[in-house]
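Asks: In the working numbering, the protein residues as written are -7 to 122. Where is the CB? At the ideal position from N, CA and C, for every residue including glycine. All figures in this text were calculated on a predicted structure; none of them were measured in a lab.
Right, here's the structure in full:
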């Protein structure tokens, strides 16, 4: 889990979980991301694989907590929720060592905001390193 971070007015709190079984790998992302610019998706890279997580679920709790001074536009701080799960072949994780997350803005700019290294233990449990 990543704690609250501010970087160029980008704030987020995201939880990542990575699971794998014999045949299927799964990445789950839950939380929120907010910026002054309109963010319309997260782009998550796992080596050569690319996954797109939409941003826009209502998060009134986030709006109330981070935007009392109206620093962020209402739509960006209220509809900032993320809840996505991606499935992929388990062998994709065999050489992978991390995720890279980008925020895609509506003005076509992207911003890398997180590199999430991880490793699997002998029980196939992923340990994320922040």
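Taking only the alpha-carbon atoms, compute the straight-line gap between residue 6 and residue 29 and give it to the nearest angstrom.
Replies: Taking the chain shown and counting its residues from 1, the one referred to as residue 6 is at position 14. Taking the chain shown and counting its residues from 1, the one referred to as residue 29 is at position 37. Distance between the alpha carbons of residue 6 and residue 29: 18 Å.
Asks: Of the choices 1, 33, 11, whose alpha-carbon is the least far from that of residue 94?
Replies: For the purposes of this step, residue 94 is taken as the residue at position 102 of the chain shown. With distances taken between Cα atoms, residue 94 lies closest to 33.
Asks: In this structure, how does DSSP classify residue 65 when only helix, strand and coil are distinguished?
Replies: Along the chain shown, read from residue 1 onward, the residue named residue 65 stands at position 73. DSSP places residue 65 in coil when its eight states are reduced to three.
Asks: Go ahead and pull the three-state DSSP assignment for residue 47.
Replies: Along the chain shown, read from residue 1 onward, the residue named residue 47 stands at position 55. It is coil, neither helix nor strand.
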